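Position 19, counted from 1, in the sequence shown is what full-length UniProt numbering calls 19; the numbers after and before it change by one each time, with no gaps.
Each residue gets a CB set at the ideal place from its N, CA and C atoms; glycine is no exception.
All values reported here derive from a predicted model rather than from experimental measurement.
Everything on this sheet refers to the single structure shown next.
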Amino acid sequence: MENEWKIDASESDVLIKSRRSLIDYMSGSKNNFKGHIAIQNNEVENASIEFSLKVNDKDSNSDLKLIDFFENDETPVIQFKSTSFQKVNKSINFLKGNLTIQNITKVVELDAEFIGYRDYNGTKNASFEIIGNINPKDFGLYYNSYSSHNGYAVGSDIKLIANLEFKNQ
């Protein structure tokens, strides 16, 4: 039996980090998350994910902010919209989609893992984690971290980790 689950934006978040630094943590309360997953026999059979992240959050408490990568952009946004979901087995899935940063769009493939179920305030939620590495230079993002940010070193890749919660509809 297949069940349709919709994303719970208030319980979803994205962490963006580099090798040695937390760059930004973006909660669903400040950003736009959309999506659904189809679960059949306790396995994810299909998924569609879309999110839009505002990276100029003045309240961010990380040492290095994602806004530091953007130049001359008043409202920088990161957008992802999935185009396909591939299930390899129960624990290995891939989510392919369009990632847009600074008006540059690239097709990316992210690892997608169904974590399982949890009860939250009497409601059963399904947890899903999406992980992928992004080369900031592919999107025109350059940052000389060591000289301009108190010695913090930023690796050549940025890791995007989305922790997504879904409610049964």
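Item, Value
"Beta-carbon proximity list for N133, same chain, < 8 Å, skipping 5 on both sides", "D157, I158, K159, L160"
"Inter-residue Cα distance where the pair is V107 and I92", "19 Å"
"C-beta atoms of L141 and I101 nearer than 8 Å", "yes"
"G151 - DSSP class collapsed to helix/strand/coil", "Reliability fails at G151, whose pLDDT of 49 lies under 50, so the model's placement of it is uncertain and the value that follows must be treated cautiously. Reduced to three states, the DSSP call for G151 is coil."
"Backbone secondary structure at R118 - three-state DSSP", "strand"
"M1, DSSP secondary structure in three states", "For M1, the predicted model reports a pLDDT of 45, less than 50, meaning its position is unreliable; a value from the coordinates is still stated below. Reduced to three states, the DSSP call for M1 is coil."
"Cβ of E113 within 8 Å of any chain B Cβ", "Reference to chain B is not applicable here, since this structure consists of a single protein chain."
"Reference K17; option with closest CA among P136, A47, I49", "P136"
"Three-way DSSP call (helix, strand, coil) for D138 in this model", "helix"
"Assumed close pair K34, I7 - CB separation to whole angstroms, cut-off 8 Å", "6 Å"
"Residues that DSSP places opposite N98 in a beta bridge", "K81, V107"
"Rounded distance between the beta-carbons of A126 and I39, thought under 8 Å", "6 Å"
"Own chain residues within Cβ distance below 6 Å of L99, not counting five before or after", "F80, K106, V108"
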